[in-house]
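Number of protein chains: 2
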Amino acid sequence: MTKVSEISEFDLISRLETILENNVTPNKDSKVELSIGDDAAVIGNLDNLQVVTTDAMVDKVHFVSDQVDMRSLGWKSLAVNYSDIASMGCKPIYSVVTLGLRADILVEQLENLYLGFSDLLNTYGGDLVGGDIVKSDTFFISVTVVGSTDKPETMQRKTAVPGDVIAVTGHLGSSNAGLRLLLKNELQKSSHFYEAHYMPKPRIPEGISLLDMGIKTGMDISDGLVNDLMKICVASTVNATINVDKIPVHDDLKKYFPNEYKEMAVSGGEDYELLITGHESLIRYISDSTDIDLHIIGEIEIGSGDVNAVDSTGARISLNTGGWDHFTEN
Amino acid sequence: MTKVSEISEFDLISRLETILENNVTPNKDSKVELSIGDDAAVIGNLDNLQVVTTDAMVDKVHFVSDQVDMRSLGWKSLAVNYSDIASMGCKPIYSVVTLGLRADILVEQLENLYLGFSDLLNTYGGDLVGGDIVKSDTFFISVTVVGSTDKPETMQRKTAVPGDVIAVTGHLGSSNAGLRLLLKNELQKSSHFYEAHYMPKPRIPEGISLLDMGIKTGMDISDGLVNDLMKICVASTVNATINVDKIPVHDDLKKYFPNEYKEMAVSGGEDYELLITGHESLIRYISDSTDIDLHIIGEIEIGSGDVNAVDSTGARISLNTGGWDHFTEN
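If you read the protein sequences in the order shown, they are chains A and B. Position one of the first sequence corresponds to residue 52 (this note's numbering), numbered consecutively onward. Position one of the second sequence corresponds to residue 52 (this note's numbering), numbered consecutively onward.
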């Protein structure tokens with residue numbers, strides 16, 4: 052085992068580059084003309100539009116470096132950025148990664164982190180073209196991803212209109228279950244909840260298909276369904292009403308959290324599923340004609356940025372949970 | 052004064068966005084179609100090639116947060132990235148910034164940081180289109196910049212050939228002088244050395260002109276002239292010989308550091324000047340026909356990655372200074 056302080060920056064970059072070379076399947080439609088090793092990477096002409104997003108993960112805030120599985124952390128730190136690309140309906144093209152490293156971080160840990168990057172690149176495409184390595188008292192990973200589309204518009208938040216229905220992919224709340232179990236030291240590796248928390252699946256193919264089939268409004272659920280739906284409502288100047296009984300949840304979530312699963316699905320966060328709105332007929336058509344796992348959970352109404360919740364009987368629900376400080380009964 | 056822990060992330064982003072809105076002159080040829088406020092920013096079709104670079108600055112490594120002028124830090128953290136774009140011969144198009152924030156950092160400090168970003172954007176162009184804000188025990192700033200060119204190639208490191216001469220822009224060593232004075236608490240604000248250390252001028256127009264006029268080999272000097280020249284030599288599989296008496300230095304550097312100025316110019320670092328190679332006739336033509344401040348300091352020879360130094364008498368020089376561990380007399 053080798054501490055990063057024991058080898059040169061050049062040797063460290065070389066070892067991490069080797070992990071990518073040995074583990075990432077070459078991308079036959081790669082746009083990269085010059086990768087790691089110059090002042091900047093060079094990329095050929097992209098399609099019409101490009102999108103850019105950046106998200107960082109920080110030790111003791113988003114993970115605990117001496118407990119986390121570094122390969123899972125590599126997956127997750129790139130996946131949360133890919134999820135933003137998916138939410139615009141775009142494909143990932145290239146990424147850069149900056150590592151802030153404590154002197155005692157092991158090179159082998161970083162090689163595992165890069166194996167996690169490799170896993171994600173092999174699954175969803177795109178190239179990791181470079182980055183920066185700096186010393187830091189706090190270990191952090193800062194990722195920037197550029198994606199593109201040949202469509203004239205991306206999905207956005209500001210295009211929801213009254214009459215749209217609201218739909219989500221997959222199921223919600225399981226990542227929050229993973230976090231709760233982790234905090235109690237009860238999270239089993241490779242369990243459903245572990246996968247949901249550490250290895251979220253960015254909805255890249257789903258996002259591309261949704262944009263392609265005419266969906267204009269979308270985002271990914273990172274801060275919890277209601278928090279994120281409120282962002283669409285504010286950006287579009289509309290209200291939303293969701294039926295909490297229609298929110299898709301995994302059977303394991305109901306089984307292990309019978310009293311809390313609805314709250315977890317509504318406000319848990321880090322689901323990285325897509326949240327979209329559109330004409331009901333279009334969304335039903337997409338749901339019927341593709342294998343995208345879409346669930347209609349509510350509708351968009353005239354308003355100015357509020358989210359309301361009801362249950363299947365039509366009764367108004369007031370859920371007040373962590374991070375959900377905007378959502379009080381009114 | 053307001054600590055970042057006292058306001059919401061939404062309000063913090065809003066205050067920083069306001070700084071940009073009020074201080075950055077709108078870019079008439081901006082490619083940005085959607086900026087801060089969605090999952091990702093959207094950018095229209097760029098020119099043929101694009102380049103991407105990322106560089107982070109970390110508290111207690113690159114600066115000391117309770118001593119540094121935040122406006123200068125904002126300038127510098129974006130400028131060091133712009134310098135990489137300049138070294139490829141490209142123009143900056145857009146940037147994203149991730150801030151890792153301690154709870155006690157003041158909002159007003161961050162507003163000053165964003166004033167520094169604004170200063171640089173107003174001087175060199177490009178748009179700041181978004182970012183991420185995360186909690187961190189260590190304050191850091193991670194920046195990614197994308198640039199582009201309508202030329203078929205960028206400047207690179209691997210294209211130097213024997214017979215090329217080596218040239219640099221501006222003058223070297225003054226940033227290192229600023230650092231030395233800073234460490235002795237003797238750095239006067241707005242002195243020449245302060246400007247050199249905290250407000251480096253990325254050579255954007257010079258880089259664009261050099262590529263346009265046919266220069267193929269270039270990089271920026273961030274780790275010291277010899278360290279960086281060695282990177283060109285390794286990438287191009289050539290040797291280099293520089294004449295230390297031809298390295299341009301500022302009069303103040305000679306005056307205040309009469310015994311050390313040559314060493315500082317050769318290995319000081321953080322100069323952010325351009326280092327190029329090319330046919331002597333082309334470089335002399337550029338120097339004569341433009342106002343680029345170019346100085347020929349040596350030549351490229353057959354070899355495999357070594358840098359040698361001589362003085363004006365032709366005598367071989369062995370300089371052995373900090374960070375310069377590869378350069379021993381042989």
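Every residue, glycine too, gets a C-beta built ideally from N, C-alpha and C. Because the structure is a prediction, the values reported are computed rather than measured.
DSSP three-state label for residue i, please.
i: residue 208 of chain B; result: coil
i: residue 143 of chain A; result: strand
i: residue 272 of chain B; result: coil
i: residue 114 of chain B; result: strand
i: residue 124 of chain B; result: helix
i: residue 380 of chain A; result: Residue placement at residue 380 of chain A is poorly supported in this model, since its pLDDT is 34, which falls under 50; the coordinates are not used for a value here.
i: residue 237 of chain A; result: coil
i: residue 57 of chain B; result: helix
i: residue 84 of chain B; result: strand
i: residue 157 of chain A; result: strand
i: residue 62 of chain B; result: helix
i: residue 289 of chain B; result: strand
i: residue 326 of chain A; result: strand
i: residue 266 of chain B; result: coil
i: residue 200 of chain B; result: strand
i: residue 246 of chain B; result: helix
i: residue 68 of chain A; result: helix
i: residue 321 of chain A; result: coil
i: residue 335 of chain A; result: helix
i: residue 98 of chain A; result: coil
i: residue 277 of chain A; result: helix
i: residue 190 of chain A; result: coil
Within a Cβ cutoff of 7 Å, which residues of the same chain sit near residue i, ignoring the five residues on either side of it in sequence?
i: residue 346 of chain B; result: 218, 219, 297, 299
i: residue 79 of chain B; result: none
i: residue 85 of chain B; result: 92, 93
i: residue 50 of chain B; result: Given a span of 52 to 381 for chain B in the structure shown, any question on residue 50 of chain B remains unanswerable.
i: residue 335 of chain B; result: none
i: residue 75 of chain B; result: 169, 172, 173
i: residue 344 of chain B; result: 220, 221
Report the CB separation of residue i from residue j in whole angstroms; it is logged as a contact under 8 Å.
i: residue 150 of chain B; j: residue 182 of chain B; result: 7 Å
i: residue 328 of chain A; j: residue 196 of chain A; result: Going by Cβ atoms, the distance from residue 328 of chain A to residue 196 of chain A rounds to 24 Å, so no, they are not a contact pair.
i: residue 260 of chain A; j: residue 97 of chain A; result: About 20 Å; that fails the 8 Å criterion.
i: residue 223 of chain A; j: residue 165 of chain A; result: At roughly 30 Å, the Cβ-Cβ gap does not stay under 8 Å, so residue 223 of chain A and residue 165 of chain A are not in contact.
i: residue 387 of chain A; j: residue 187 of chain A; result: For chain A, the structure presents residues 52 to 381; residue 387 of chain A sits outside this window and is missing.
i: residue 110 of chain A; j: residue 53 of chain A; result: Residue 110 of chain A to residue 53 of chain A, Cβ: 20 Å. No contact.
i: residue 60 of chain B; j: residue 215 of chain B; result: Contact doesn't hold; Cβ gap of about 51 Å is too wide.
i: residue 283 of chain A; j: residue 211 of chain A; result: 5 Å
i: residue 245 of chain A; j: residue 229 of chain A; result: 6 Å
i: residue 100 of chain B; j: residue 95 of chain A; result: 6 Å
i: residue 83 of chain B; j: residue 180 of chain B; result: 6 Å
i: residue 213 of chain A; j: residue 352 of chain A; result: 5 Å
Just to confirm my understanding: we take residue i, look at its own chain, exclude 5 residues before and 5 after, and list those with CB closer than 8 Å. What are they?
i: residue 361 of chain B; result: 292, 293, 294, 295, 367, 368
i: residue 63 of chain B; result: 55, 158, 161, 184
i: residue 374 of chain B; result: With a pLDDT of 39 at residue 374 of chain B, under the threshold of 50, the predicted position of this residue should be treated as unreliable, and no value is reported.
i: residue 142 of chain B; result: 136, 176, 177, 198, 199, 200, 255, 259
i: residue 332 of chain A; result: none
Opposite residue i in the DSSP bridges: which residues?
i: residue 195 of chain A; result: A/105, A/147
i: residue 119 of chain B; result: Partner(s): none; residue 119 of chain B has no beta bridge.
i: residue 297 of chain B; result: According to DSSP, residue 297 of chain B bridges with nothing at all.
i: residue 129 of chain A; result: Partner(s): none; residue 129 of chain A has no beta bridge.
i: residue 367 of chain A; result: A/361
i: residue 308 of chain A; result: Bridge partners of residue 308 of chain A: none, in fact.
i: residue 346 of chain B; result: B/219
i: residue 92 of chain B; result: A/103
i: residue 184 of chain A; result: A/150
i: residue 178 of chain A; result: A/145
i: residue 353 of chain B; result: B/289
Excluding sequence positions up to five away, which residues of its chain have a Cβ less than 6 Å from the Cβ of residue i?
i: residue 163 of chain B; result: 121, 122
i: residue 193 of chain A; result: 107, 149
i: residue 254 of chain A; result: 137, 220, 325
i: residue 170 of chain A; result: 126
i: residue 134 of chain A; result: 253, 271, 323
i: residue 226 of chain A; result: 247, 248, 321, 322
i: residue 267 of chain B; result: 210
Along chain D, which residues have their Cβ under 7 Å away from the Cβ of residue i?
i: residue 107 of chain A; result: Of the protein chains in the structure, A and B, none is chain D.
Exercise. Should the region 198-206 of chain A be called in touch with the region 128-144 of chain A, which here means at least 3 C-beta pairs below 8 Å?
Worked result: yes
Exercise. Can at least three beta-carbon pairs, one atom from the region 273-290 of chain B and one from the region 339-358 of chain B, be found at a separation below 8 Å?
Worked result: The region 273-290 of chain B and the region 339-358 of chain B touch, with no fewer than 3 CB-CB distances between them shorter than 8 Å.
For this session: Give a yes or no on contact between the region 213-232 of chain B and the region 104-124 of chain B, applying the rule of three or more CB pairs nearer than 8 Å.
Result: no
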